[in-house]
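Here the structure is laid out as structure tokens; the discussion comes afterwards.
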Amino acid sequence: MAVINVGLAGRAYDVRIDGGLLGNFAQEAAKLFAKPVVPIVADKTVHGHWASKLEASLNAAGKTPAWFLVEPGESSKSWSQLQALTDWLLAQGVDRNDNVVALGGGVVGDLTGFACAILKRGCGFIQLPTTLLAQVDSSVGGKTAINTGAGKNLIGAFHQPSLVLADTDVLSTLPAREMQAGYAEVIKYGLLGDFAFFEWCEANGPKVLAGDTEALTYAIEQSVAAKARIVAEDETERSGRRALLNLGHTFGHALEAETGFGERLLHGEAVAIGMVLAAKYSARLGKLERQDAERITAAIKNAGMTAEVSKLGLGCDGAKLVDHMRHDKKATGGTVPFLLLNAIGEAYLDKTVELDDVAAFLNDELGAA
Ligand code: GLY
Numbered sequence: 012m013a014v015i016n017v018g019l020a021g022r023a024y025d026v027r028i029d030g031g032l033l034g035n036f037a038q039e040a041a042k043l044f045a046k047p048v049v050p051i052v053a054d055k056t057v058h059g060h061w062a063s064k065l066e067a068s069l070n071a072a073g074k075t076p077a078w079f080l081v082e083p084g085e086s087s088k089s090w091s092q093l094q095a096l097t098d099w100l101l102a103q104g105v106d107r108n109d110n111v112v113a114l115g116g117g118v119v120g121d122l123t124g125f126a127c128a129i130l131k132r133g134c135g136f137i138q139l140p141t142t143l144l145a146q147v148d149s150s151v152g153g154k155t156a157i158n159t160g161a162g163k164n165l166i167g168a169f170h171q172p173s174l175v176l177a178d179t180d181v182l183s184t185l186p187a188r189e190m191q192a193g194y195a196e197v198i199k200y201g202l203l204g205d206f207a208f209f210e211w212c213e214a215n216g217p218k219v220l221a222g223d224t225e226a227l228t229y230a231i232e233q234s235v236a237a238k239a240r241i242v243a244e245d246e247t248e249r250s251g252r253r254a255l256l257n258l259g260h261t262f263g264h265a266l267e268a269e270t271g272f273g274e275r276l277l278h279g280e281a282v283a284i285g286m287v288l289a290a291k292y293s294a295r296l297g298k299l300e301r302q303d304a305e306r307i308t309a310a311i312k313n314a315g316m317t318a319e320v321s322k323l324g325l326g327c328d329g330a331k332l333v334d335h336m337r338h339d340k341k342a343t344g345g346t347v348p349f350l351l352l353n354a355i356g357e358a359y360l361d362k363t364v365e366l367d368d369v370a371a372f373l374n375d376e377l378g379a380a
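All residue numbers for the sequence shown refer to my numbering, where the first residue is 12 and numbers rise by one.
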């Protein structure tokens, strides 16, 4: 088993990565449950696949799960679900010393984490991430949120989990498209700060995507270790360190906003194209070698993902995408911070990017079939 500690003073926690962790849940989390009933929030689809494993483990330890099920998809990160969940947690008698379990992908983790951040001013929670994206990114680092009519993740809190158990076995039921989307975030860690890991991804991507246990575990471990280091340095994204994790996200969020934050373009797919755009824009500014931008494009394509924004058939121009960026929650005082690249493995935060130039760049990219 790989164990990564997220070293936050007073709130440090482990991320454990291994096959079979759900079946061993009660032992892994034994010290975190004082009461006989364990509240678990789960995505309905994930519940269908994995509830019995968790239930058997808890029953063997003399505990009973109480389930709160949510519909899969972003629409569950809503005020109404937050209200229903917090009402349910209160009815379950959850108090500040308890831990609530989140079993699912980023939607369940974000909703549950936020509910736990505000329940009686904060109770504990345990992340059991069931998508590759959640295992390498959203379950670690304490960002929790819901969506509102004004945008995605606009209402939320930093609230760190007590424990994260990433069971690699659960990825066996994940659709290939979601594996690829999660893998984009894996490549991201190589691009932003670790050239050797990027090279490893180039060589081992197919194995990871095919579910090879050793390759998958290594990819998750390296990703979580990178994220844990960054979060420990800049938990609430103040110094610019944590902002590095947003590589590909400024372009990506604009694409998600344009496509409606749904099935048409998954978050990881948008990040993949966003990283290619960040690389190409870095090359346009003369910061990154053009051949490195091409190498990044090839890595995304080799993982089976769309790399070119022109292939999305958006039917909008660069100005429209830039307009979405102006409404990004990271935009301040009319400027939009961009994560760009000096080299593969060396990202930097640029707050001086001219949005008109980005729009012109995007027009070129949108037209380049
Ligand atoms: N997913 C970016 C972050 O956790 O900061």
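Ideal placement from N, C-alpha and C gives every residue a C-beta, glycine not left out.
Which class does Gly115 belong to by DSSP, given the choice of helix, strand or coil?
Translated into the one-based positions of the sequence shown, residue 115 becomes position 104. If DSSP states are grouped into helix, strand and coil, Gly115 belongs with the strands.
For a quick check, are the C-beta atoms of Leu352 and Leu266 less than 8 Å apart?
Residue 352 sits at position 341 when you count from the first residue of the sequence shown. Residue 266 sits at position 255 when you count from the first residue of the sequence shown. Not in contact: Leu352 and Leu266 (Cβ atoms no closer than 8 Å).
Closest residue to Gly356 among Asn164, Leu96 and Asp303 (Cα-Cα distance):
The residue given as residue 356 occupies position 345 in the sequence shown. Closest option to Gly356, Cα to Cα, is Asp303.
Measure the alpha-carbon distance for Gln171 versus Leu227 and round it to whole angstroms.
The residue given as residue 171 occupies position 160 in the sequence shown. The residue given as residue 227 occupies position 216 in the sequence shown. Each residue's Cα considered, the two are about 25 Å apart.
Lys298 lies in the beta strand (DSSP E); which residues open and close that run?
The residue you call residue 298 lines up with position 287 of the sequence shown. Here Lys298 belongs to no beta strand (DSSP E), and DSSP marks it neither H nor E.
Measure the beta-carbon distance from Leu255 to Leu350 and round it to whole angstroms, keeping in mind my assumption that it falls under 8 Å.
As a first step, residue 255 is located in the sequence shown; it is residue number 244 there, counting from the start. As a first step, residue 350 is located in the sequence shown; it is residue number 339 there, counting from the start. With a Cβ gap of about 6 Å, Leu255 and Leu350 count as contacting.
Pull up the distance between the alpha-carbon of Gly315 and that of Gln191, whole angstroms please.
Residue 315 sits at position 304 when you count from the first residue of the sequence shown. Residue 191 sits at position 180 when you count from the first residue of the sequence shown. Distance between the alpha carbons of Gly315 and Gln191: 7 Å.
If the criterion is Cβ atoms closer than 8 Å, does the pair Ile284 and Thr317 meet it?
Along the sequence shown, one-based indexing puts residue 284 at 273. Along the sequence shown, one-based indexing puts residue 317 at 306. Yes, these two residues count as a Cβ contact at 8 Å.
In this structure, does DSSP put Asp368 in helix, strand or coil?
Position 357 of the sequence shown, counted from the first residue, corresponds to residue 368. In the structure shown, Asp368 sits in a helix (DSSP, three-state: H, G or I).
Compute every distance between the C-beta of Ser149 and the non-hydrogen atoms of ligand 1, then say whether any falls below 7 Å.
Here the question's residue 149 lines up with position 138 in the sequence shown. For ligand 1, at least one heavy atom lies less than 7 Å from the Cβ of Ser149.
Quick check: is the beta carbon of Asp339 nearer than 8 Å to any beta carbon in chain C?
As a matter of chain content, chain C is missing from the structure shown, which is built from one protein chain.
Hey, how far is the Cα of Ala309 from the Cα of Leu288?
What you label residue 309 is simply residue 298 of the sequence shown in a count that begins at 1. What you label residue 288 is simply residue 277 of the sequence shown in a count that begins at 1. Distance between the alpha carbons of Ala309 and Leu288: 13 Å.
Extent of the continuous beta strand (DSSP E) run through Ala53
Within the sequence shown, the letter at position 42 stands for residue 53. Val48 to Asp54 is the extent of the beta strand (DSSP E) around Ala53.
Is any non-hydrogen atom of ligand 1 found closer than 7 Å to the C-beta of Lys131, if you look at the structure I gave you?
For the purposes of this step, residue 131 is identified with residue 120 of the sequence shown, where counting begins at 1. Not so, every heavy atom of ligand 1 lies at least 7 Å from the Cβ.
From Val112, Glu225 and Ala294, residue whose alpha carbon lies closest to that of Val175
On the sequence shown, residue 175 is found 164 positions in, with the first residue counted as 1. Cα-wise, what sits closest to Val175 is Val112.
Gly135 bridges to which residues according to DSSP?
Residue numbering aside, residue 135 sits at position 124 when the sequence shown is read from its first letter. According to DSSP, residue pairing for Gly135 in a beta bridge involves Asn110.
Residue ranges of each alpha helix (DSSP H) run of no fewer than 4 residues wholly in the stretch 241–310, ordered along the chain?
260–270 and 278–295
Going by C-alpha distance, which of Glu246, Asp106, Lys312 and Thr142 is nearest Gly135?
Numbered from its first residue, the sequence shown carries residue 135 at position 124. Considering only alpha carbons, the answer is Asp106.
Determine whether the beta carbon atoms of Asn8 and Ala53 lie at a separation below 8 Å.
Only positions 12 to 380 of the chain appear in the structure, and residue 8 is not among them; the question remains open.
Beta-carbon within less than 6 Å of Thr184's beta-carbon, same chain only, minus the 5 sequence neighbours each way: which residues are those?
Walking along the sequence shown from the start, residue 184 turns up at place 173. Hits under 6 Å: His60.
Residues bridged to Ile157 [DSSP beta-bridge criterion]
In the sequence shown, residue 157 corresponds to position 146, counting from 1. Ile157 is bridged to Ile166.
Would you list the residues sitting across from Asp361 in a DSSP beta bridge?
Taking the first residue of the sequence shown as 1, we reach residue 361 at position 350. BP columns for Asp361 point to Phe349.
Cα-Cα, which of Asn35, Ala40, Ser87 and Val119 is closest to Tyr24?
Position 13 of the sequence shown, counted from the first residue, corresponds to residue 24. Closest by alpha carbon: Ala40.
CA-to-CA distance, Ser293 to Val219, given in whole angstroms:
Reading the sequence shown from its first residue, position 208 is the one you call residue 219. Reading the sequence shown from its first residue, position 282 is the one you call residue 293. Going from the Cα of Val219 to the Cα of Ser293 covers about 28 Å.
For Leu93 versus Leu114, is the C-beta distance shorter than 8 Å?
In the sequence shown, residue 93 corresponds to position 82, counting from 1. In the sequence shown, residue 114 corresponds to position 103, counting from 1. No.
With DSSP as the reference, label Asp29 as helix, strand or coil.
As a working note, residue 29 is residue 18 in the sequence shown. In this structure, Asp29 counts as strand in the three-state DSSP scheme.
Pull up the distance between the alpha-carbon of Ile137 and that of Asp368, whole angstroms please.
Your numbering for residue 137 matches position 126 in the sequence shown. Your numbering for residue 368 matches position 357 in the sequence shown. For Ile137 and Asp368, the distance between alpha carbons rounds to 44 Å.
Should the stretch 12–27 be regarded as contacting the stretch 71–88, the criterion being three or more beta carbon pairs within less than 8 Å?
no
With distances taken Cα to Cα, identify the nearest neighbour of Gly34 among Val147, Ala156 and Val181.
Start at 1 with the first residue of the sequence shown, and residue 34 comes out as number 23. Taking Gly34 as reference, the option from Val147, Ala156 and Val181 with the minimal CA-CA separation is Val181.
Report whether the distance from the Cβ of Asn257 to the nearest heavy atom of ligand 1 is below 7 Å.
As a first step, residue 257 is located in the sequence shown; it is residue number 246 there, counting from the start. It does: the Cβ of Asn257 is within 7 Å (strictly closer) of some heavy atom of ligand 1.
Using the three-state DSSP reduction, which class does Val17 fall into: helix, strand or coil?
Here residue 17 refers to the residue found at position 6 of the sequence shown. Three-state result, Val17: strand.
For Trp61, list the residues DSSP reports as bridge partners.
Indexing the sequence shown from 1 puts residue 61 at position 50. In the DSSP output, where bridge partners are listed per residue, Trp61 has none listed.
Same chain, Cβ closer than 6 Å to Leu296, five either side skipped, listed in chain order:
Working through the sequence shown from its first residue, we reach residue 296 at position 285. For Leu296, where only same-chain residues beyond five positions count, there are no Cβ hits under 6 Å.
Beta-carbon proximity of Thr142 to Gly84, cut-off 8 Å:
By one-based count along the sequence shown, residue 142 stands at place 131. By one-based count along the sequence shown, residue 84 stands at place 73. Their beta carbons are not under 8 Å apart, which means Thr142 does not touch Gly84 by this criterion.
Does any heavy atom of ligand 1 sit closer than 7 Å to the C-beta of Gly152?
The residue labelled residue 152 in the question sits at position 141 within the sequence shown. The answer is yes for Gly152.
Can we count Arg337 as close to ligand 1, meaning its CB is less than 7 Å from some heavy atom?
Residue 337 sits at position 326 when you count from the first residue of the sequence shown. Outside the cutoff, so no.
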